[in-house]
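Those sequence lines, one after another, are chains A and B. Going letter by letter, the first sequence gives residues 31 to 285 in our numbering. Going letter by letter, the second sequence gives residues 23 to 358 in our numbering. Think of the CB as a built atom: it goes at the ideal place given N, C-alpha and C, for glycine as much as any other residue. Since the model is a prediction, treat every value here as computed from it, not as a measurement.
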Amino acid sequence: MHPIVRVLACAALLTAMLGAACGGGASEETSASKTAAPVANPVDPNTASAITGVITLQGTPPPSLPINMSSDPYCMKHGAAPTPTFVVSDGGLENVFIYVKDGLGTMKFPVPTKPVVLDQKGCTYSPRVLGVQVGQSLDIVNSDETLHNVHALPMANREFNRGQSLQGMKFTTTFTAPEVMLPFKCDVHKWMNAWVGVLEHPFYAVSGKAGAFALAGLPPGTYTIEAWHEKLGSQTQQVTIGAKESKTISFVFKV
Amino acid sequence: MRHLYAALVAVSTGILIFAGGLVTSTESGLSVPDWPNTYGYFMFFFPLDKMVGGIRFEHTHRLIASTVGFLILVLAAWLWRSEPRRWVRRLGYIALAAVITQGILGGITVLWYLPDPISIAHASLAQIVFCLTMTIALVTSPGWTRAYAVEKGTPLRRSGRQGPAPDDLMLRRVAAVTTALIYLQIVVGATMRHTGAGLAIPDFPLMFGQLIPPHWDAKIAIHFAHRVGALIAALAILATTGHVFYHHRTRKELTRPSILLLALLVTQITLGALTVLSHKQFIINSLHVVTGASVLVTSLVLTLRAHRARFLSDVRRADASASADTRLGRLAGDHA
Numbered sequence: 031m032h033p034i035v036r037v038l039a040c041a042a043l044l045t046a047m048l049g050a051a052c053g054g055g056a057s058e059e060t061s062a063s064k065t066a067a068p069v070a071n072p073v074d075p076n077t078a079s080a081i082t083g084v085i086t087l088q089g090t091p092p093p094s095l096p097i098n099m100s101s102d103p104y105c106m107k108h109g110a111a112p113t114p115t116f117v118v119s120d121g122g123l124e125n126v127f128i129y130v131k132d133g134l135g136t137m138k139f140p141v142p143t144k145p146v147v148l149d150q151k152g153c154t155y156s157p158r159v160l161g162v163q164v165g166q167s168l169d170i171v172n173s174d175e176t177l178h179n180v181h182a183l184p185m186a187n188r189e190f191n192r193g194q195s196l197q198g199m200k201f202t203t204t205f206t207a208p209e210v211m212l213p214f215k216c217d218v219h220k221w222m223n224a225w226v227g228v229l230e231h232p233f234y235a236v237s238g239k240a241g242a243f244a245l246a247g248l249p250p251g252t253y254t255i256e257a258w259h260e261k262l263g264s265q266t267q268q269v270t271i272g273a274k275e276s277k278t279i280s281f282v283f284k285v
Numbered sequence: 023m024r025h026l027y028a029a030l031v032a033v034s035t036g037i038l039i040f041a042g043g044l045v046t047s048t049e050s051g052l053s054v055p056d057w058p059n060t061y062g063y064f065m066f067f068f069p070l071d072k073m074v075g076g077i078r079f080e081h082t083h084r085l086i087a088s089t090v091g092f093l094i095l096v097l098a099a100w101l102w103r104s105e106p107r108r109w110v111r112r113l114g115y116i117a118l119a120a121v122i123t124q125g126i127l128g129g130i131t132v133l134w135y136l137p138d139p140i141s142i143a144h145a146s147l148a149q150i151v152f153c154l155t156m157t158i159a160l161v162t163s164p165g166w167t168r169a170y171a172v173e174k175g176t177p178l179r180r181s182g183r184q185g186p187a188p189d190d191l192m193l194r195r196v197a198a199v200t201t202a203l204i205y206l207q208i209v210v211g212a213t214m215r216h217t218g219a220g221l222a223i224p225d226f227p228l229m230f231g232q233l234i235p236p237h238w239d240a241k242i243a244i245h246f247a248h249r250v251g252a253l254i255a256a257l258a259i260l261a262t263t264g265h266v267f268y269h270h271r272t273r274k275e276l277t278r279p280s281i282l283l284l285a286l287l288v289t290q291i292t293l294g295a296l297t298v299l300s301h302k303q304f305i306i307n308s309l310h311v312v313t314g315a316s317v318l319v320t321s322l323v324l325t326l327r328a329h330r331a332r333f334l335s336d337v338r339r340a341d342a343s344a345s346a347d348t349r350l351g352r353l354a355g356d357h358a
């Protein structure tokens, strides 16, 4: 074989082998808690307590700039204003995910049968921040007349990327391992982002108007409560509640 | 005719690399989640009105890639049917195998969510495909088979001294090493792009305001390696072109690619700087990719021309083949 042919052939072969040898391949099913979830809620309703509170924002958030949606004529015409990173109402910060990070011990909770819905509407995700339990169905719906891809980028669960080319298409998935937070994005429309908190229990909330939230139905105990914001990171607090007690806490995020 | 077609294939491969650069630069690689179909459609039937957002880049890249694959298939068949030199025919087969492998790597990287090794291999093999098509275009050119490589030593200096013979061992070596270094530099660049290290060092020409980065992590190291690689490749190019201008300034087949190489080097370094300073503006970033590929193939052309004396037997064989064809033609004419 001629030297040039040999050199170029070897280079091509080596490059191809590099890919083949090093390729990670599709991610495997992640190790999840495989123990079956109980049917009944283990929390005694006579002792159930609640933690309520508000998330406030100190400082002036950067102005949310309009998103250029010109890459898709449909979004230009019908696109809703994308939810900005900082949604402040009455001094409270919305779209903060609050959950019990620690303190529930080995308690197991039933998996809700009602699915959580993540909609793609007006070329945005609705809601932008949400929670779901391990094993609970998450319905991802395309309400737009344009196509989207739904790309989950987990660390502890299985990555997926599904195309939804038609209006009304629905894709249902479940997660096998807890993960806070699991990002979603649409690679077609770069501005579309959502975050899903996957937990093994139902004690989570997303701050709404005025930054208010509530974690209800908790058994008495001492808990680590974490509040997560997509830009401002996480904060934790320790809270102890007794039987039938309702405690109010607050988180202050600074910009 | 065959040379013109091969040149068209080579240019198409360069355009394909630019389109691939756009996909990575706009982070559109996963905007089409399926492969080989596009959102369930057969690739060529995907409606144009659905080409929105990132799909414009990814789907266009796939269409160009399919076209280039077909062009290379035709080229390989053409060489198989009409090329007298066995090694050139083999180049055609290898180019075909490489472009098929390239397509499969492209599909796998989408289906496996862009794992770095596969994406880097996809980017690196693209350069090899470009080198193969450019080599075929070169060795099928009339200039290649013309026998200027067999000329004896050419007077180079005003002193009247004879310069080195066209088969210049030093030039062969330095040009080959330069081409290899450029290829390595491109592989490091591909690693930097696909591991998201393109802005790991955010300033230029200094690094965090200093000559050496004051702190390190994996991404900074990759980015730093690419900058050091650029320096080494640039020095190698200067060494090669300097050698050409000093020893072979009358050989246009060497000085022309040398001038082009220098121009591309300046352009490439400028684009590299602008890529950082513009925070990876996608067109600048993609131009940096395709200019890097152009530097590589220009250096390859220079290297191959420096090695021409080693192809004398092929030239003689081609000449003999051409003479035989002419004789046959005459005989046929006489017979008629």
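Check the Cβ-Cβ distances between residue i and every residue of chain A, and say whether any is below 7 Å.
i                       : result
valine 412 (chain B)    : Residue numbering for chain B in the displayed model covers 23 to 358; residue 412 (chain B) lies beyond these limits and cannot be assessed.
lysine 274 (chain B)    : no
serine 359 (chain B)    : Given a span of 23 to 358 for chain B in the structure shown, any question on residue 359 (chain B) remains unanswerable.
arginine 183 (chain B)  : Model confidence at arginine 183 (chain B) stands at a pLDDT of 43, short of 50, so the residue's coordinates are unreliable; what they give is reported in the following sentence. For arginine 183 (chain B), the answer is no, since every Cβ of chain A falls outside 7 Å of its Cβ.
alanine 29 (chain B)    : no
isoleucine 75 (chain B) : The sequence given here places glycine at residue 75 (chain B); isoleucine does not occur at that position. Yes, its Cβ sits closer than 7 Å to a Cβ of chain A.
tyrosine 115 (chain B)  : no
glycine 42 (chain B)    : no
lysine 302 (chain B)    : no
tyrosine 268 (chain B)  : no
alanine 169 (chain B)   : At alanine 169 (chain B) the pLDDT is 48, less than 50, meaning the model places this residue with poor confidence and gives no usable figure here.
lysine 241 (chain B)    : no
State yes or no: is the beta carbon of residue i nearer than 7 Å to at least one beta carbon in chain B?
i                       : result
arginine 192 (chain A)  : yes
histidine 178 (chain A) : no
valine 226 (chain A)    : no
valine 171 (chain A)    : no
valine 130 (chain A)    : no
cysteine 52 (chain A)   : Low per-residue confidence applies at cysteine 52 (chain A): pLDDT is 42, beneath 50, and the placement is therefore not dependable, though the value from the model is reported in the following sentence. By this cut-off, cysteine 52 (chain A) is an interface position.
aspartate 174 (chain A) : no
glutamate 209 (chain A) : no
serine 100 (chain A)    : no
glutamate 195 (chain A) : The sequence shown places serine at residue 195 (chain A), not glutamate. Output row for serine 195 (chain A): interface = yes.
Report the partner residues of residue i according to the DSSP bridge assignment.
i                           : result
glycine 122 (chain A)       : A:Thr86, A:Ser119
arginine 192 (chain A)      : A:Val180
phenylalanine 281 (chain A) : A:Ile85
tyrosine 205 (chain B)      : Looking at the DSSP assignment, tyrosine 205 (chain B) forms no beta bridge with any residue, so it has no partner.
isoleucine 271 (chain A)    : A:Gly251
valine 228 (chain A)        : A:Val162, A:Glu209
proline 163 (chain B)       : In the sequence as presented, proline is not what sits at residue 163 (chain B); that position holds serine. According to DSSP, serine 163 (chain B) bridges with nothing at all.
aspartate 132 (chain A)     : A:Thr254
tyrosine 155 (chain A)      : A:Gln150
glycine 263 (chain A)       : A:His259
valine 171 (chain A)        : A:Asp149, A:Lys200
leucine 245 (chain A)       : A:Ile81
Return the residue from the list the options that minimises the CA-CA distance to residue i.
i                        : options                                : result
glutamate 49 (chain B)   : B:Glu80, B:Gly114, B:Thr262, B:Leu30   : B:Glu80
threonine 289 (chain B)  : B:Val317, B:Ala198, B:Phe92            : B:Val317
leucine 286 (chain B)    : B:Ala315, B:Ile242, B:Ala240, B:Val33  : B:Ala315
proline 250 (chain A)    : A:Asp149, A:Gly133, A:Val146           : A:Gly133
threonine 176 (chain A)  : B:Thr162, B:Lys72, B:Tyr115            : B:Lys72
leucine 233 (chain B)    : B:Val33, B:Asp225, B:Asp239            : B:Asp225
alanine 242 (chain A)    : A:Asp169, A:Arg188, A:Ser195, A:Ser119 : A:Ser119
aspartate 189 (chain B)  : B:Leu324, B:Gly91, B:Val319, B:Val33   : B:Leu324
valine 312 (chain B)     : B:Gly294, B:Leu299, B:Glu275, B:His301 : B:Gly294
leucine 26 (chain B)     : B:Met192, B:Ser300, B:Val161, B:Ala202 : B:Val161
leucine 168 (chain A)    : A:Ile128, A:Pro184, A:Leu148           : A:Leu148
alanine 32 (chain B)     : B:Gln303, B:Leu93, B:Asp239, B:His301  : B:Leu93
alanine 148 (chain B)    : B:Pro137, B:Thr262, B:Gly91            : B:Gly91
histidine 248 (chain B)  : B:Thr46, B:Ile223, B:Thr35, B:Ile37    : B:Ile223
asparagine 125 (chain A) : A:Thr143, A:Trp258, A:Asp74, A:Phe281  : A:Trp258
aspartate 138 (chain B)  : B:Ala219, B:Thr262, B:Thr320           : B:Ala219
Using 6 Å as the cut-off, classify the Cβ of residue i as near or not near the heavy atoms of the ligand MN, replying yes or no.
i                    : result
glycine 51 (chain B) : No copy of the ligand MN appears in this structure; indeed no ligand is present at all.
Completely contained beta strand (DSSP E) runs for the segment 91–137 of chain B, where each covers 3 or more residues: none
Stretch pair the segment 114–125 of chain A + the segment 88–96 of chain A: three plus CB contacts closer than 8 Å: yes
Segment contact, 8 Å Cβ cut-off, at least three pairs: the segment 151–171 of chain A with the segment 221–232 of chain A: yes
4-residue-minimum alpha helix (DSSP H) runs that sit fully inside the segment 213–282 of chain B, ordered along the chain: 240–269
Sufficient close CB pairs (3 or more, under 8 Å) joining the segment 204–217 of chain A to the segment 71–86 of chain A: no
Three or more C-beta pairs below 8 Å linking the segment 97–107 of chain A and the segment 271–278 of chain A: no
Given 8 Å, three or more beta-carbon pairs between the segment 324–331 of chain B and the segment 197–204 of chain B: yes
Three or more C-beta pairs below 8 Å linking the segment 117–129 of chain B and the segment 204–222 of chain B: no
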